[in-house]
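First comes the structure, then the notes that go with it.
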Amino acid sequence: MSVRIESLTKTYGVQNAIDHISFSIGHGEVVGLLGPNGAGKSTTMKILTCFMPQSSGEAEVCNFNTRTSPLEVRRRVGYLPEHNPLYGDMYVKEYLLHVAGMYKLANPEARVKQMVELTGLGPEQHKRIEQLSKGYRQRVGLAQALVHDPEVLILDEPTSGLDPNQLVDIRNLIREIGQQKTVILSTHIMQEVEALCPRIIIINKGKIVADGSRESLQRGKKGQELVEVELDGAIDVALLRGLNGVLRVEVLSGNRYKVEAQAGNDLRKAIFDLAVKQNRAILSLNVQQSSLEDVFRQLTRS
Numbered sequence: 219m220s221v222r223i224e225s226l227t228k229t230y231g232v233q234n235a236i237d238h239i240s241f242s243i244g245h246g247e248v249v250g251l252l253g254p255n256g257a258g259k260s261t262t263m264k265i266l267t268c269f270m271p272q273s274s275g276e277a278e279v280c281n282f283n284t285r286t287s288p289l290e291v292r293r294r295v296g297y298l299p300e301h302n303p304l305y306g307d308m309y310v311k312e313y314l315l316h317v318a319g320m321y322k323l324a325n326p327e328a329r330v331k332q333m334v335e336l337t338g339l340g341p342e343q344h345k346r347i348e349q350l351s352k353g354y355r356q357r358v359g360l361a362q363a364l365v366h367d368p369e370v371l372i373l374d375e376p377t378s379g380l381d382p383n384q385l386v387d388i389r390n391l392i393r394e395i396g397q398q399k400t401v402i403l404s405t406h407i408m409q410e411v412e413a414l415c416p417r418i419i420i421i422n423k424g425k426i427v428a429d430g431s432r433e434s435l436q437r438g439k440k441g442q443e444l445v446e447v448e449l450d451g452a453i454d455v456a457l458l459r460g461l462n463g464v465l466r467v468e469v470l471s472g473n474r475y476k477v478e479a480q481a482g483n484d485l486r487k488a489i490f491d492l493a494v495k496q497n498r499a500i501l502s503l504n505v506q507q508s509s510l511e512d513v514f515r516q517l518t519r520s
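Position 10, counted from 1, in the sequence shown is what my numbering calls 228; the numbers after and before it change by one each time, with no gaps.
Right under this line is the structure:
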């Protein structure tokens, strides 16, 4: 097992940043760690990378305990924090050689050359880091996280602030890395999770509220029934909200409504009967699968 967390808790005063969370991640898994701001994602990552100690519970990386064997854990983990800390006055290659030296690699020049090629830093390797675009600085951050060939890669918001072209490049790079290593990826971009992460763990208020594949979360008990209906005229939204199991109604343009209900509720007949009573014709009615964003919102709304 690459990562194992058991009843992990981090307390600040009377507040639990994370509250007795448990999960394990096998070798070669790419896992999306999701949650609203302040949910405990970064805290979990910092404990796994030995940047801070837990208050209680256990955390292991590659069978080494973060509390009792932090140096062994650091040898096996590559970490790109949300705010990528780099030495701006150093040249790209110089900085990567500096990081390789800290890990006492046998052949740092060869390893740095390999990382420059992998992350596409070749054209920029002789520039100062402060001269790079944010996209290339993120590449440098990934290169330093990978230079010692870690078994586990932990990425906190790796594409934050990137333009669409940079985002695609970094996403492709992470996908390539994920074929060989265990990756834990934290992000608020749902398209990124859908593109990269077969498994998703959702944290809310320091507790795990979901853990499973994208498909299982979207069709599971925590999912929703979604219906988009278009009528030939307006209808009182309160009537739609009053239907059995309805959680939310969104008013769209052109007498269109998006109705969200608890999983297992078939809204089609109820909406049809309501339309008849209100003397409205249904122009279109589409049942939609819950999107990952819908599931996330439902699980983290409270």
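Glycine included, C-beta positions come from ideal geometry on N, C-alpha and C. Just so it is clear, the structure is predicted and the values come from calculations on it, not from any experiment.
Between the region 452-461 and the region 411-427 there are fewer than three C-beta pairs closer than 8 angstroms, too few to call the two in contact.
Per DSSP, the continuous beta strand (DSSP E) segment holding His238 begins and ends at Gln233 to Ile243.
A distance below 6 angstroms between beta-carbons, with the five flanking residues on each side excluded, links Tyr354 to the following residues of its chain, in chain order: Glu342. For Leu485, the uninterrupted alpha helix (DSSP H) segment begins and ends at Leu485 to Lys495. Take Arg393, set aside five residues on each side of it, and the residues of its chain with a beta-carbon closer than 7 angstroms to its own are Leu414, in chain order. Annotation for Arg285: no alpha helix (DSSP H) segment contains it, and DSSP assigns it neither H nor E.
For Glu412 against Arg389, the beta-carbon gap comes to about 11 angstroms, at or over 8 angstroms, which does not count as contact.
In this structure, Lys425 keeps its C-beta atom at 8 angstroms or more from the C-beta atom of Leu380. Gly396 and Leu373 have their C-alpha atoms some 12 angstroms from each other. Residue pairing by DSSP places Ile265 in no beta bridge whatsoever. For Gly319, the enclosing alpha helix (DSSP H) covers residues Val310 to Met320. For the pair Leu251 and Leu304, the Cα-to-Cα distance works out to about 24 angstroms. Between Lys399 and Leu444, the CB-CB gap reaches or exceeds 8 angstroms. Boundaries of the alpha helix (DSSP H) around Gly359: Lys352 to Leu364. When DSSP states are grouped into helix, strand and coil, Gly340 belongs to the helix group.
The criterion of a C-beta distance shorter than 8 angstroms is satisfied by Leu461 and Leu485. A direct Cα-Cα distance of roughly 7 angstroms separates Pro416 from Val248.
Under the three-state reduction of DSSP output, Asp512 falls in the helix class. For Ile392, the enclosing alpha helix (DSSP H) begins and ends at Pro382 to Ile395. In the DSSP assignment, Arg417 falls within the unbroken beta strand (DSSP E) covering Arg417 to Asn422. By the CB criterion at 8 angstroms, Gln349 and Val317 fall outside the cutoff. Leu360 has its alpha-carbon roughly 10 angstroms from the corresponding atom of Leu336. In this structure, DSSP gives Glu369 a state outside helix and strand, which the three-state scheme calls coil. In this structure, Leu403 sits near Pro376, with a CB-CB distance shorter than 8 angstroms.
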